[in-house]
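Working notes, beginning with the structure itself.
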Amino acid sequence: MYRIAIITDIHGNTYALNAVMKEIKEKSVDFIYCLGDMIGIGPFSNEVLDTLMETDNLKMISGNHDEAVLTLLNNEPYPESRIDVIPHHEWIAERLNKHHKSVLEKLPRIINPTIYEQSLHLIHYPMREKFHNAHICRDPFDLIGIPNQKNFTSLDGLDDFSLVCFGHEHNNHWFTCNSTTFFNPGSVGCFNKPFARYGIIDINQNGYNLMKQCVPYELDKYVKELRKTSIPRKEIILNIYN
1145 MYRIAIITDI HGNTYALNAV MKEIKEKSVD FIYCLGDMIG IGPFSNEVLD
1195 TLMETDNLKM ISGNHDEAVL TLLNNEPYPE SRIDVIPHHE WIAERLNKHH
1245 KSVLEKLPRI INPTIYEQSL HLIHYPMREK FHNAHICRDP FDLIGIPNQK
1295 NFTSLDGLDD FSLVCFGHEH NNHWFTCNST TFFNPGSVGC FNKPFARYGI
1345 IDINQNGYNL MKQCVPYELD KYVKELRKTS IPRKEIILNI YN
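See below:
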């Protein structure tokens, strides 16, 4: 058996991430996949990226917040649909460690591991193949609609994959469409309860078993530290945790 953990949408919440990583170590996980949006929303982007980069058995892919911050750092077109978020992302960009920037720039959008003949498609949010390389200014993660069977029926290029894991939408999802299972364990860092969510997948020669996980963490402490910061859109962010 091979055990992997799926984490996604940490969003600068180092308190939630630390709780998840501690529990993962106790569950004999072989490998960890992080499905994007490590930064943005929460103020602790550098701390989150430090933790992820110091973990040997882990791979990351990029999400829309990660890519949007990079557009500001690289003077590239920023998504017009998120124009009101620019001050927030500028705050993140100004404080981002230069080494972290270079790591984020090299991240893929998609990882397709095969484990015990089970082919997985790991992406921040499912999209049609023609948008796989579309610049973030075109909002490629937001074109398919909310996660449900009706919207995901139009996805192409997934016939060879038994399981698609994704994030982006902060609630958890688990359903089958066109003979493919779609699994989102829910956001690690954006949840209005004092729990951080992630997923575990056990894979063997007979198939795979999905398990939603939920670990308690010090949400009150995180919110207290968040209130101390000067991060733009702070009141909107705090509403996430009410």
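This note's numbering numbers the first residue of the sequence shown as 1145 and each following residue consecutively. Positions of the beta carbon are idealized from the N, C-alpha and C atoms, including for glycine.
**Request:** Have a look at H1252 and K1203 and give me their C-alpha separation to the nearest angstrom.
**Result:** Here residue 1252 refers to the residue found at position 108 when the sequence shown is read from its first residue. Here residue 1203 refers to the residue found at position 59 when the sequence shown is read from its first residue. Residue identity differs from the one stated: residue 1252 is Pro in this sequence, not His. Going by the C-alpha atoms only, they are around 10 Å apart.
**Asked** Since V1164 contacts A1278 with CB under 8 Å, what's their CB separation in whole angstroms?
**Response** Numbered from 1 along the sequence shown, position 20 holds the residue referred to as residue 1164. Numbered from 1 along the sequence shown, position 134 holds the residue referred to as residue 1278. V1164 to A1278, Cβ: 30 Å. No contact.
**Cβ distance (whole Å) where D1181 is taken to contact H1155 below 8 Å** = By one-based count along the sequence shown, residue 1181 stands at place 37. By one-based count along the sequence shown, residue 1155 stands at place 11. Their Cβ separation, rounded to whole angstroms, is 6 Å, which keeps D1181 and H1155 in contact under 8 Å.
**Request:** Give the DSSP-derived three-state secondary structure of N1350 in the structure shown.
**Result:** Within the sequence shown, the letter at position 206 stands for residue 1350. Coil at N1350, not helix or strand.
**Message:** DSSP three-state label for N1201, please.
**Reply:** Numbered from 1 along the sequence shown, position 57 holds the residue referred to as residue 1201. Coil, per DSSP.
**Item:** Proximal residues to H1232 (C-beta, below 6 Å), its chain only, five neighbours per side dropped
**Value:** Within the sequence shown, numbered from 1, the residue matching residue 1232 stands at position 88. Cβ neighbours of H1232 beyond the five flanking positions: P1376 and R1377.
**Asked** Between the beta-carbon of I1280 and the beta-carbon of A1237, is there less than 8 Å?
**Response** Here residue 1280 corresponds to residue number 136 of the sequence shown, with the count starting at 1. Here residue 1237 corresponds to residue number 93 of the sequence shown, with the count starting at 1. For I1280 and A1237, no; Cβs fall outside 8 Å.
**Prompt:** Do you know how far the Cα of A1149 is from the Cα of Y1352?
**Reply:** For the purposes of this step, residue 1352 is taken as the residue at position 208 of the sequence shown. For the purposes of this step, residue 1149 is taken as the residue at position 5 of the sequence shown. Cα to Cα, Y1352 sits roughly 13 Å from A1149.
**Prompt:** How is F1310 classed by DSSP in three states: helix, strand or coil?
**Reply:** As a working note, residue 1310 is residue 166 in the sequence shown. F1310 falls in the coil class under three-state DSSP.
**Message:** Strictly under 8 Å for the Cβ-Cβ distance: is E1313 near chain C by that measure?
**Reply:** Within the model displayed, chain C is absent; a lone protein chain is all it includes.
**Request:** Give me whichever residues DSSP pairs with F1339 in a beta bridge.
**Result:** For the purposes of this step, residue 1339 is identified with residue 195 of the sequence shown, where counting begins at 1. DSSP, once it has assigned bridges, lists P1360 as partnering F1339.
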